[in-house]
Structure formats: structure tokens, C-alpha cells
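Data first, discussion second: the structure below is written as C-alpha cells.
Numbering (my numbering), first residue to last: 306 to 395.
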């Protein structure tokens, strides 16, 4: 399940330095939750927070490989569009 803005905010440094282009860390966390910003925009985020947020953003399916060589088929590890998690913007 996707993290909320407040869940993300708890992992941020809370310095409100504006280096990311947002006025506060809470605004940056909300933008991250809505996928309008990237975590790399915050230079002060810790490595531990990066790992936790990367794990939360990873696709819910693991990649499964069948066969070998030229007949190899890979399934999974895709971003799936669920109505409650993602929105399609045209």
C-alpha cells in the first residue's frame, strides 16, 4: 500500500530548508505522496529514510523468471494501476 504524506513526513529531516523547492518538509512529503516530486530533490534525507521509501515505492510483485536462455520469460515487478492507489492522468 502506498504511504501517505504524513508517513513520508515522519522519515524526512524536518528542517524546512527549502532546498527541494517546497516551502516546508510537509509540503514536500505531500508532493512525494502524490508523485509530483522525487526523493532525490531533498539533499538532506538520510540513507535509512531512502531505503524505507524505496521499499514502500517498489512494485508489490516480485519478478519471476521461467525458462532459460532464449526461451526465458519474466513475469511481475510491474507497476499495476489500482483504482485506490494510482490515478491515470491524460
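By construction, the Cβ of each residue, glycine as well, lies at the ideal position given by its N, Cα and C atoms.
Distance check for residue 377 and residue 310, CA to CA, integer angstroms please. 40 Å
Taking 7 Å as the threshold (C-beta atoms), are residue 344 and residue 358 in contact? yes
For the candidate residues 363, 315, 307, whose alpha-carbon lies nearest to that of residue 350? 315
By alpha-carbon positions, which one of 354, 347, 339 ends up nearest to residue 328? 347
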